[in-house]
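See structure below.
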Amino acid sequence: MKETASDGGRKPRVDDDGIREVFRSTDDPVLSTREVAEELPIKRRGTLDRLQSLESDGDLQSKQIGGRSKVWWLTVEGQTPDMDEGLPSADSDVTRDTVDEGGED
């Protein structure tokens, strides 16, 4: 059963890698929007929006099949986990400490 905001609390969230993992964890070469939505704790419309976003980022490709149905698949870029996801951006307020590895005493 999908979680919703009406269940009490915040709306469920899924990061991009969670969506890509749905594709990585299946043997099917393509998935429909409905098939992806069934694996996520967000509604179908939210899933479609996220799939379109991943497509515009180059992680997914899609093809219209039939009247309103669409299938999606991972691109080469989308098959590799995003190692930077969840890290602060370069323009954030996070400061970095430098470490002297060549240390002269």
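By my numbering, the letter at position 20 of the sequence shown is numbered 46, and the numbering carries on one by one without gaps.
Glycine residues also receive a C-beta, built at the ideal position from the N, C-alpha and C atoms.
Is it the case that the Cβ atoms of residue i and residue j are separated by a distance below 7 Å?
i	j	result
G104	L86	yes
S82	W98	no
L66	V40	yes
T59	K96	yes
Using DSSP's beta-bridge definition, name the partner residues of residue i.
i	result
K96	Q90
S58	V97
Tell me the rounded alpha-carbon separation between residue i and residue j.
i	j	result
E64	R70	8 Å
D54	R46	13 Å
T106	Q90	25 Å
G93	L80	22 Å
R143	L100	Here the chain covers residues 27 to 131 and nothing more, so residue 143 does not appear.
G84	D75	14 Å
Got a sec? Which residues, its chain only, sit under 6 Å from residue i by beta carbon, not counting five neighbours each side?
i	result
V62	V48 and T73
L57	W98
Do residue i and the ligand MG come close, with the Cβ less than 6 Å from some heavy atom?
i	result
V62	The ligand content of the structure shown is nil, which means the ligand MG is not present either.
Closer than 7 Å, CB to CB, is residue i near chain C or not?
i	result
V56	No chain C is part of this structure, which consists of one protein chain only.
Only counting the same chain, and skipping five residues up and downstream in sequence, which positions put a Cβ closer than 8 Å to that of residue i?
i	result
G44	L66
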